[in-house]
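Below: the structure, in structure tokens.
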Amino acid sequence: MVFGKYDSRGNAALSRRLGAHFTAVGYTLFQIIVVFVLEIYIIAPAVFQNTRTYYLNIFLLMYFMINITGNYYYLVVADLSCKKFLNVGEQRTGFFYCHSCDQNSPPRAHHCTFCETCVARRDHHCFFIANCVGSANVRFFVLFCLFASLGSFYSTVLNIMYLNGHMIPLIPLNVEGFLCLVTPVTLYKWWIGSVSLLNLCIVAISWFCFLQILVTSGFGLFEMMLVCSGQTTYEWRHHITHYSLGWRQNLQEVFGRYWYLWWLFPVYHTLPGALKRDELYDPYYIKPAKEI
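Residue numbering for the sequence shown follows my numbering, beginning at 1058 and increasing consecutively.
This is the structure in structure tokens:
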């Protein structure tokens, strides 16, 4: 549940993970930057034309972008390894021996072949963050999905408003206007010179944003369901429910005592339950190893 300070090995591991997931991470960063530049410098000024509404929308776009980039950063750099908490030879009830890590790992930990370490409370490995989602960053995963879906939805609405005024009337919805939003049709119209390259790019980016809404909202809602039930994906699949302490306590374990403040701004702090190694693993000692 805490971020370890990277030493030379940690920096090497982070560099290795980013290198192995270069395409997925690059795509994510490219989309964030392109959408941000497009909405701030082209779409919003054209749609609102420096009115009071313009400044309100700029503020909202900046708010979404800060939360998206902040939570994404913490997702990527989180050190999820169990090794920073464990003595290699210690043995406790419910621990299991990991041959790959050559250590006794705690319950709910699982070895990740991509990260090459046992991850505390591992949920899954995500290629788009070049990291696992585990105890140290699950809250940032939920918040990233939330703000990515909201930001993508907001950008899609602004793009449609822009296209409605600068390419073809879309409101009320009509067949010709709908066809112009189909990327192959827009590409053909650009080829014959009836649509500008900028409008073609806006149509394509709008579809990427729409796809992003479906993906991030789906993953975010599923992960939030797991957080409230006190489970990981593995535990959900195998109907393991005895780690749950009730939805409110489960939320506090992930987001901290003031869990409702995490939805406002991506500020990092150490959770009270993770200040000491024993406090992190004590609740799991009585669980039999066969159930992890």
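The beta carbon of each residue, even a glycine, is placed where N, CA and C say it ideally should be.
For V1104 against L1215, the beta-carbon gap comes to about 6 Å, under 8 Å, which counts as contact. Below 8 Å, enough C-beta pairs join the segment 1235-1244 and the segment 1255-1265 to call them touching: three or more. The Cβ atoms of W1316 and Q1309 sit closer than 7 Å to each other. Here the alpha carbons of G1127 and C1285 stand approximately 23 Å from one another. Listed as beta-bridge partners of T1273 by DSSP are no residues whatsoever. DSSP places N1161 in the uninterrupted beta strand (DSSP E) bounded by Q1160 to S1162. Following the DSSP letters along the chain, one finds H1295 in no alpha helix (DSSP H), marked with neither H nor E.
Boundaries of the alpha helix (DSSP H) harbouring N1124: R1109 to V1134, taken from the DSSP string. The straight-line gap separating the alpha-carbon atoms of T1108 and S1209 is approximately 23 Å. Beta-bridge annotation (DSSP): Y1154 is paired with N1161.
With a cutoff of 7 Å on beta-carbon distance, T1085 and F1153 are scored as not near each other. Proximity to C1189 across D1136, R1314 and V1239 peaks at D1136, based on C-alpha coordinates. For N1188, the pairing in a beta bridge is given by DSSP as C1183. CA-CA distance, C1202 to L1230, rounds to 30 Å. Between S1138 and T1174, the C-beta spacing is below 7 Å.
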